[in-house]
Every structure is written in structure tokens, then in C-alpha cells.
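For reference, the structure is listed below as C-alpha cells.
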Amino acid sequence: MSTLTAREAFVHPALFYRTEEEYTRQTVAFLKEGLAKGEPMAVAVPGPNLELIRGGLGADAEGIVFLDMTEAGRNPGRIIPKVLRGFADAHPQVRVRIIGEPIWAGRSAVEYPACAQHEALINVAFEGRAVTILCPYDETRLDPQVIADARITHPTVIDGQGREETSDVYDWEAVVSRYNQVLPPAAADASVFSYGSEDLPGVRRFAVTHAARLGLAGERLLDAELAVAELTTNSVVHGGGRGVLTVWAEHGQVVIEVRDAGRLTDPLAGRRPPERGQIGGRGLMLVHYVSDLVRVHTGDDGTSVRVYLSV
Amino acid sequence: MDAPHAVGGAGPATPGRAGLEVSPLPGRSGIRARGEISALTRPSWEQALSDLARRHAGVSYVELSDVAFVDVAGVTALAVTAMSLSDGRVVVEHPPPQLPRVLEMFWPGLSRIEVAP
Numbered sequence: 001m002s003t004l005t006a007r008e009a010f011v012h013p014a015l016f017y018r019t020e021e022e023y024t025r026q027t028v029a030f031l032k033e034g035l036a037k038g039e040p041m042a043v044a045v046p047g048p049n050l051e052l053i054r055g056g057l058g059a060d061a062e063g064i065v066f067l068d069m070t071e072a073g074r075n076p077g078r079i080i081p082k083v084l085r086g087f088a089d090a091h092p093q094v095r096v097r098i099i100g101e102p103i104w105a106g107r108s109a110v111e112y113p114a115c116a117q118h119e120a121l122i123n124v125a126f127e128g129r130a131v132t133i134l135c136p137y138d139e140t141r142l143d144p145q146v147i148a149d150a151r152i153t154h155p156t157v158i159d160g161q162g163r164e165e166t167s168d169v170y171d172w173e174a175v176v177s178r179y180n181q182v183l184p185p186a187a188a189d190a191s192v193f194s195y196g197s198e199d200l201p202g203v204r205r206f207a208v209t210h211a212a213r214l215g216l217a218g219e220r221l222l223d224a225e226l227a228v229a230e231l232t233t234n235s236v237v238h239g240g241g242r243g244v245l246t247v248w249a250e251h252g253q254v255v256i257e258v259r260d261a262g263r264l265t266d267p268l269a270g271r272r273p274p275e276r277g278q279i280g281g282r283g284l285m286l287v288h289y290v291s292d293l294v295r296v297h298t299g300d301d302g303t304s305v306r307v308y309l310s311v
Numbered sequence: 001m002d003a004p005h006a007v008g009g010a011g012p013a014t015p016g017r018a019g020l021e022v023s024p025l026p027g028r029s030g031i032r033a034r035g036e037i038s039a040l041t042r043p044s045w046e047q048a049l050s051d052l053a054r055r056h057a058g059v060s061y062v063e064l065s066d067v068a069f070v071d072v073a074g075v076t077a078l079a080v081t082a083m084s085l086s087d088g089r090v091v092v093e094h095p096p097p098q099l100p101r102v103l104e105m106f107w108p109g110l111s112r113i114e115v116a117p
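As given, the protein sequences belong to chains A and B, one line each in that order. The numbers in full-length UniProt numbering rise by one with no breaks, and the one at position 145 of the first sequence is 145. The numbers in full-length UniProt numbering rise by one with no breaks, and the one at position 79 of the second sequence is 79.
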């Protein structure tokens with residue numbers, strides 16, 4: 001029964017909480033269980049919730065890694081490679097225990113599809129690994145659709161009283177495909193550049209010029225240039241040899257979209273950290289690392305990747 | 001690799017275009033590059049690094065003051081080359097800003113590469 005063993009190896013419950021008291025009680029109980037087993041532990045949740053957990057643990061907080069998820073996981077696409085695998089891979093010999101809260105009240109409608117896909121992809125990213133990840137959801141402040149989706153992306157759910165049950169609607173792939181949505185139109189004043197392989201330096205400079213005009217500077221502009229180079233090179237190598245880059249400003253962010261005829265078939269592309277000496281596999285990961293949000297739509301007509309960089 | 005050679009891009013390499021020109025460093029063990037290190041010029045960059053690794057003894061220099069841009073794969077090729085050396089280090093002089101940024105992102109604390117800004 002290798003399948004059963006694999007399912008048992010990775011444990012991924014959602015915690016639906018209604019009050020700070022429920023939140024603290026359940027997360028602290030989860031961590032104390034790990035403490036008793038000697039498991040390495042990390043907590044990546046929004047700042048105020050970090051304080052609740054720290055306060056609830058007292059001296060037991062020592063040795064636990066704490067990260068503010070609104071910074072480390074601002075872009076949900078980098079949570080798997082950087083936050084979760086970053087911690088799990090550092091402890092390959094033992095089971096690790098993590099609290100990850102990637103969806104908080106205040107996540108925007110543009111961010112949410114990428115958040116839901118991230119929660120779904122955790123299941124395949126950690127399949128068969130000795131890792132436990134508890135994902136808290138604020139039942140009183142999050143949209144009912146978010147709570148309904150969490151039942152689909154988590155094999156088990158725990159309520160505020162600590163009662164655990166198997167989710168009868170668990171189906172992570174359904175959420176990945178449901179949120180593979182057509183992206184909303186670009187701004188009317190967006191700048192557009194159509195490129196082929198000979199134009200790679202030109203399209204990169206075009207993107208940098210416009211990103212700077214729209215307010216990016218310093219390291220953020222450097223990151224935008226690196227991300228554009230990866231995405232446009234990808235079009236030329238894997239996406240039919242050419243593509244279209246569009247850049248505009250939206251709600252205090254610079255948005256850069258790269259569209260080409262390729263189809264993204266690997267949902268974990270850009271989320272698998274490569275071995276240190278491995279040649280490839282870092283391009284899309286860099287795009288996830290440097291962006292505040294990455295949205296992707298892929299289908300028979302091609303692929304659009306949209307990166308958002310806060311000014 | 002005793003004479004400069006250009007590979008990739010259309011026509012001779014000039015800064016600001018897609019080409020890359022790599023030549024030996026006069027008086028020191030290593031190479032200097034001119035142009036851009038990207039998908040279009042990857043073969044010549046990787047060939048130059050492979051030659052550099054073969055001749056490496058102690059310290060090798062990579063002079064990049066005339067390189068305007070290097071992408072993730074270009075930095076990867078350099079990092080992987082440096083990690084494969086049995087001893088010593090590679091000193092990268094005056095690299096474009098993408099190089100330290102990508103090194104810091106994927107190979108923090110890589111002792112075989114010294115960046116001299």
C-alpha cells in the first residue's frame with residue numbers, strides 16, 4: 001500500500017478558527033505536540049498572529065523559526081520553494097512541522113487565485129514527504145468561498161475546538177484548474193512590444209525603460225529586468241519563438257505581462273528548488289522570488305504570465 | 001582561445017547588442033568578456049568557462065566591466081564552474097549588478113567566488 005504510506009507521510013490540515021483565543025489554543029497545541037516529538041518547527045503567519053503564538057508559547061518559542069508571512073509569502077508563488085521547502089530541505093532526516101497562513105483578510109481579488117492555487121499545489125509538492133503543515137483560516141473575516149476552497153485544498157480540516165475530520169471534497173487539482181483564469185485586460189495606456197529571438201535585448205530594455213518611468217528603481221528595477229529576461233527567453237525557447245510584452249501601472253504596482261504560444265503543463269514549474277550544482281530550473285523561480293505577485297493563465301491558445309512589482 | 005571570438009547575435013559583438021566577445025586576460029590567468037551574457041550568447045560563455053576551469057590553478061580572474069547584462073543561466077554557469085574546481089577561487093571583477101544579485105539569491109556564501117565590484 002505505497003499510496004497509503006505516501007498519503008500518511010505528508011499531513012496538511014486546515015484550521016478554521018473564529019477567535020484569537022481559538023487560534024492561539026490550537027496553534028500552540030500543535031506546536032507543543034511537535035516539541036514533545038523533537039521535530040524542527042517553523043511558523044509563517046501574518047505579524048499579529050506571530051505575536052499571539054509567541055505569547056502562547058512563552059519560553060517554548062525558543063528554537064522555533066518565526067517568519068512574517070505578509071513579507072516572506074507576499075507572493076504566494078514563492079512560499080513553496082522559499083518558505084516551506086527552504087525549511088523542510090534543511091532538515092532532510094526528520095519530520096518537520098510548519099504553520100503556514102498564506103491567506104489573510106486583506107488579500108486582494110487579484111492575489112486570491114494565486115493563493116488558492118498555492119494551497120492546492122502544496123499537496124503535490126510535498127507528496128510522500130515527512131512534513132506536517134497546518135494552515136489556519138480566519139472563518140469570521142475571510143470570504144465563504146475562501147473557506148469552501150480550503151476544504152478542497154486540504155485533506156483534513158480542524159475546527160476551533162480541535163476536532164479533526166477528513167474533508168469529503170478534497171480535490172486539489174480542481175482548484176488548480178478552476179483558478180487558471182483568463183487575466184483581466186491590461187490598462188488602456190499600457191506599452192506593448194512584440195518580440196522574436198533577435199529582439200531579446202531590445203524587449204528587455206523596453207521593459208526596463210517603462211518600468212523605470214512608472215516608478216521602479218534600484219534593486220526592484222534590476223529584479224524586473226532579470227524577470228523579464230527569463231520570461232521572454234522562455235517564449236523564444238519554449239513558447240513558439242516569439243511573444244508579446246505589455247507593461248503598465250495598476251494600484252501602486254508595475255505590472256509586466258509576457259504572452260506567448262507555449263503551454264505550461266507543469267503546475268510546479270518555478271516552485272521546485274534545484275540542487276545547488278544543477279544547471280537549469282531557476283528562471284521561473286527567480287520570477288517568483290522577486291515579484292510581489294505572479295498570475296498565470298495557460299491554455300490551448302498560449303500562456304500569459306503577469307508579474308506585479310510594488311513601487 | 002588566443003584570439004577574441006564572437007558568438008551569438010547578428011554580426012560582430014558590440015556593447016549594447018546581443019553579442020558576446022571573450023578573450024584571455026593579458027598577464028593574468030583568466031578571461032575578459034564584452035557584450036551580454038544571455039540565451040543568445042550562452043555557448044561562447046560556457047565554452048570560455050570550461051576553458052577557464054581546465055587552465056585553473058589557484059586563482060582565476062573573470063573581468064566583466066564591459067558586460068552590460070548577465071541572466072540567471074549565465075550566473076549559474078559561473079557558479080557551477082566555480083563549484084567544480086578542486087581548489088582555489090574565481091575572482092569576478094566589475095560584474096554587472098545582476099551577477100551579485102543572482103549569486104546572493106541562489107548561492108549565498110559561495111566561497112569559491114569572490115566578487116570585486
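For every residue, glycine included, the Cβ atom is placed at its ideal position computed from N, Cα and C.
Between which two residues does the beta strand (DSSP E) carrying residue i extend?
{"i": "A:V45", "result": "M41 to V45"}
{"i": "A:H297", "result": "L293 to G299"}
{"i": "A:P144", "result": "That residue, A:P144, is in no beta strand (DSSP E); its alpha helix (DSSP H) goes P144 to T153."}
{"i": "residue 312 of chain A", "result": "Chain A is shown only over 1 to 311; residue 312 of chain A falls outside these bounds and no answer can be derived."}
{"i": "A:P136", "result": "V131 to D138"}
{"i": "A:Y23", "result": "Here A:Y23 belongs to no beta strand (DSSP E); instead the alpha helix (DSSP H) covers E20 to K37."}
{"i": "B:R68", "result": "Rather than Arg, the amino acid found at residue 68 of chain B in this sequence is Ala. Looking at the DSSP string, the run of the beta strand (DSSP E) that includes B:A68 is V59 to V70."}
Please report the Cβ distance between residue i and residue j, rounded to the nearest whole angstrom; I am assuming they are in contact, meaning their Cβ atoms lie under 8 Å.
{"i": "A:I158", "j": "A:Y137", "result": "With a Cβ gap of about 10 Å, A:I158 and A:Y137 do not count as contacting."}
{"i": "A:I53", "j": "A:T27", "result": "5 Å"}
{"i": "residue 315 of chain A", "j": "A:H91", "result": "This structure cannot speak to residue 315 of chain A, because chain A is shown only from 1 to 311."}
{"i": "A:A120", "j": "A:V175", "result": "4 Å"}
{"i": "B:R89", "j": "B:R54", "result": "The Cβ separation is near 16 Å, so there is no contact."}
{"i": "residue 323 of chain A", "j": "A:S108", "result": "As shown, chain A starts at 1 and ends at 311. That puts residue 323 of chain A outside it, with no answer to give."}
{"i": "A:R271", "j": "A:A59", "result": "Between A:A59 and A:R271 the Cβ distance is about 35 Å, and since that is not below 8 Å, they are no contact."}
{"i": "A:V287", "j": "A:L221", "result": "Rounded, the Cβ-Cβ distance is 15 Å, inconsistent with contact."}
{"i": "B:R42", "j": "B:A73", "result": "6 Å"}
{"i": "A:E101", "j": "A:N49", "result": "6 Å"}
{"i": "B:V91", "j": "B:L64", "result": "That belief does not hold up - the Cβ atoms of B:V91 and B:L64 are roughly 11 Å apart, past 8 Å."}
{"i": "A:C135", "j": "A:L15", "result": "7 Å"}
{"i": "A:A186", "j": "A:E139", "result": "At roughly 36 Å, the Cβ-Cβ gap does not stay under 8 Å, so A:A186 and A:E139 are not in contact."}
With the cut-off set at 9 Å, would you say residue i and residue j are in Cβ contact?
{"i": "A:G86", "j": "A:V294", "result": "no"}
{"i": "B:S38", "j": "A:P155", "result": "no"}
{"i": "A:S310", "j": "A:D223", "result": "no"}
{"i": "A:P113", "j": "A:Q181", "result": "yes"}
{"i": "B:I31", "j": "B:V62", "result": "yes"}
{"i": "A:R80", "j": "A:A72", "result": "At residue 80 of chain A the sequence reads Ile, which differs from the Arg that was named. Not a contact, by the Cβ cut-off of 9 Å."}
{"i": "A:F10", "j": "A:A130", "result": "yes"}
{"i": "A:I133", "j": "A:T153", "result": "no"}
{"i": "A:V228", "j": "A:V208", "result": "yes"}
{"i": "A:Y23", "j": "A:G160", "result": "yes"}
{"i": "A:R25", "j": "A:G56", "result": "yes"}
{"i": "B:M105", "j": "A:Y170", "result": "no"}
Pull up the distance between the alpha-carbon of residue i and that of residue j, whole angstroms please.
{"i": "A:G299", "j": "A:R263", "result": "6 Å"}
{"i": "B:L99", "j": "A:L67", "result": "27 Å"}
{"i": "A:G196", "j": "A:D260", "result": "10 Å"}
{"i": "A:G239", "j": "A:D199", "result": "15 Å"}
{"i": "A:V307", "j": "A:P274", "result": "22 Å"}
{"i": "A:Y17", "j": "A:N75", "result": "24 Å"}
{"i": "A:F244", "j": "A:H118", "result": "A quick correction: the sequence has Val, not Phe, at residue 244 of chain A. If I take the Cα positions, the gap works out to 26 Å."}
{"i": "B:G9", "j": "B:E21", "result": "Because the pLDDT at B:G9 is just 39, under 50, the model does not fix this residue reliably, and the point stays unresolved."}
{"i": "A:F30", "j": "A:V255", "result": "39 Å"}
{"i": "B:R101", "j": "B:H94", "result": "13 Å"}
{"i": "A:I147", "j": "B:L110", "result": "43 Å"}
{"i": "B:R34", "j": "B:G19", "result": "8 Å"}
{"i": "A:A190", "j": "A:G106", "result": "27 Å"}
{"i": "A:R242", "j": "A:V296", "result": "18 Å"}
{"i": "A:A150", "j": "A:A116", "result": "8 Å"}
{"i": "A:D301", "j": "A:V203", "result": "22 Å"}
{"i": "B:G27", "j": "B:H56", "result": "14 Å"}
{"i": "B:P4", "j": "A:T233", "result": "Residue placement at B:P4 is flagged as unreliable, the pLDDT there being 45, under the threshold of 50; a coordinate-derived value is accordingly withheld."}
{"i": "B:W107", "j": "A:R276", "result": "7 Å"}
{"i": "A:Q145", "j": "A:Y179", "result": "12 Å"}
If we cut at 9 Å on Cβ distances, does residue i have a partner in chain E?
{"i": "B:D71", "result": "The chain labelled as chain E is not found among the protein chains of the depicted structure, namely A and B."}
Note the first and the last residue of the continuous alpha helix (DSSP H) segment covering residue i.
{"i": "A:P201", "result": "L200 to R213"}
{"i": "B:A48", "result": "R42 to R55"}
{"i": "A:W248", "result": "First-last for A:W248: R242 to E250, but that is the beta strand (DSSP E), not the alpha helix (DSSP H)."}
{"i": "B:I31", "result": "No alpha helix (DSSP H) holds B:I31; the beta strand (DSSP E) holding it covers G30 to I37."}
{"i": "A:Y112", "result": "Y112 to A125"}
{"i": "B:Q98", "result": "Q98 to F106"}
| task | Taking 8 Å as the threshold, find out whether the stretch 247-260 of chain A comes into contact with the stretch 65-72 of chain B through three or more Cβ pairs. | result | The stretch 247-260 of chain A and the stretch 65-72 of chain B do not touch, with fewer than 3 CB-CB distances between them shorter than 8 Å.
| said: With three or more C-beta pairs closer than 8 Å as the rule, is the stretch 158-170 of chain A touching the stretch 36-54 of chain A? | reply: no
| task | Count the C-beta pairs between the stretch 87-106 of chain A and the stretch 33-41 of chain A that are closer than 8 Å, then say yes if the count reaches three, no if not. | result | yes
| request: Pair every Cβ in the stretch 213-222 of chain A with every Cβ in the stretch 274-282 of chain A, then say whether three or more of these pairs are closer than 8 Å. | output: no
| request: Could you tell me whether the stretch 48-58 of chain B touches the stretch 71-82 of chain B, where touching means 3 or more Cβ pairs closer than 8 Å? | output: yes
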